[in-house]
Structures are given as structure tokens and as C-alpha cells.
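What follows is a set of notes on a single structure, which appears directly below.
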Amino acid sequence: MKICPQCHHHFNQENWHCPACGYTPPSLNGHLTFAPELAAESAGFEAEFFPKLAQLEAKNFWFRSRNRLIIYALKHYFPQAKNFLEIGCGTGFVLQGIEKNLSHLTCSGSEIFTAGLEFARERLCKTTLFQMDARNIPFAEEFDIIGAFDVLEHIEQDTDVLEKMYQATQNGGG
63 MKICPQCHHH
73 FNQENWHCPA
83 CGYTPPSLNG
93 HLTFAPELAA
103 ESAGFEAEFF
113 PKLAQLEAKN
123 FWFRSRNRLI
133 IYALKHYFPQ
143 AKNFLEIGCG
153 TGFVLQGIEK
163 NLSHLTCSGS
173 EIFTAGLEFA
183 RERLCKTTLF
193 QMDARNIPFA
203 EEFDIIGAFD
213 VLEHIEQDTD
223 VLEKMYQATQ
233 NGGG
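With the numbering used here applied, the sequence shown corresponds to residues 63 to 236, in that order.
Written out as C-alpha cells, the structure reads:
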């Protein structure tokens, strides 16, 4: 279920046009934007790192090993899951692995920086991408699984993010 960022009305429909107040989140570079004031810069991470990160991920031990572990855990612990949201998807490297190995999942990826989403868009075929502040996740009981990999340590209000992730996860999800 979607939560309108403007009036906080909960609604269930394909598009983001709020039936209660008429608000539609703006689009920036082809991505829905839920925190446009943070799309270019925010504390905790430097957006100019994305080009270098995109080059390194596929060759780096940590990123490759982490992807294998995430995919194993999703297959082993959530075999019936239908959808997945990655918070802080960066360049889309994790989602690329999930798309390839768990093609039955409907994937969404959020990133606070639109610069990261540009790299993710190039890597991903069928994942829905949007700009969002993890402290204000505009969903309730929407996703079977939510992941935030190498993200929480960059956010001072990490417990707020965990509460919002819990709110956005369906009962029985993870």
C-alpha cells in the first residue's frame, strides 16, 4: 500500500496520484522523487563516488561475495517471496544479481541520490527505481522482503529507518 507523502493517505493503486489530495510526486531524470531536496547531496555519503563504485563492484571480492550471500539467503529463507525492495540501491549491483538469479521476484530499488539511480538504470532490466529518503518510506505492508545493504551505517537516525522498513514489510515478510 502506498502512503501519500503530502497528506499521508494510504491507498492501493498502480500510479502515485493520491486519490485523497491529488498529489503526485515529482519526477527527476525519469525517476519518481520522494525527497527532491536530498536528491543531489545528503550527509553520510558522497554522490561523486558512484562512477568509481560502479567500476569496482563487479571485480571486488566484497561486493561479489555479498551478492552470493544475499541471493542464497533470499532463496533459502524466502522462497515464496513475490517482491523485494532494496533501500539505498546505489548503482544497482545487488539488484542486478537478484534480477538474474531470482527472476520471479518483482524488484524495486530506492536511492537518495539520483546519480546512483542513473547507474542502476543502465544495469537493470525490470526493476522499478525511485529516489527516496529511507527515513520516510512511503509504503505500508507492501513488500515481502526489504534489504538495506551497507546503508544503515550512513544514516544517523538508523532506528527510524528500521521502523519504516518494518512498516513497509508485509506480515510474515523479512
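Just so it is clear, CB atoms sit at the ideal spot from N, CA and C, and this is done for glycine as well.
Q) Between I208 and I149, which are expected to be in contact by the criterion C-beta below 8 Å, what is the C-beta distance as a whole number of angstroms? A) Position 146 of the sequence shown, counted from the first residue, corresponds to residue 208. Position 87 of the sequence shown, counted from the first residue, corresponds to residue 149. Contact between I208 and I149 holds, since their C-beta atoms are separated by about 6 Å, short of 8 Å.
Q | Residue environment, S89, which counts as buried when at least 16 other CB atoms sit within 10 Å | A | In the sequence shown, residue 89 corresponds to position 27, counting from 1. Exposed, because fewer than 16 other Cβ atoms sit within 10 Å of the Cβ of S89.
(Q) On a Cα-Cα basis, can you pick out the residue from S127, C169, D195, E180 that is closest to I217? (A) Counting from one through the sequence shown, the residue named residue 217 turns up at place 155. Answer by Cα proximity: D195.
**Q.** the segment 161–177 contacting the segment 136–151, beta-carbon criterion three pairs below 8 Å
**A.** The segment 161–177 makes contact with the segment 136–151: 3 or more CB pairs, one atom from each, lie closer than 8 Å.
Q. What residue ranges within the segment 156–201 form continuous alpha helix (DSSP H) runs of no fewer than 4 residues, ordered along the chain?
A. Runs of the alpha helix (DSSP H) lying entirely within the segment 156–201 and spanning at least 4 residues, in chain order: 176–185.
Q: Check whether the Cβ atoms of A177 and G154 sit closer than 8 Å, and answer yes or no.
A: Numbered from its first residue, the sequence shown carries residue 177 at position 115. Numbered from its first residue, the sequence shown carries residue 154 at position 92. A177 places its beta carbon 8 Å or farther from that of G154.
Q. When the distance is taken between beta carbons, is L115 closer than 8 Å to G152?
A. Here residue 152 refers to the residue found at position 90 when the sequence shown is read from its first residue. Here residue 115 refers to the residue found at position 53 when the sequence shown is read from its first residue. Result yes, Cβ atoms of G152 and L115 sit closer than 8 Å.
(Q) Give me the residue from G159, E108, Y139, F175 with the minimum Cα distance to H93. (A) Residue numbering aside, residue 93 sits at position 31 when the sequence shown is read from its first letter. Looking at the Cα atoms, F175 is the closest of the given residues.
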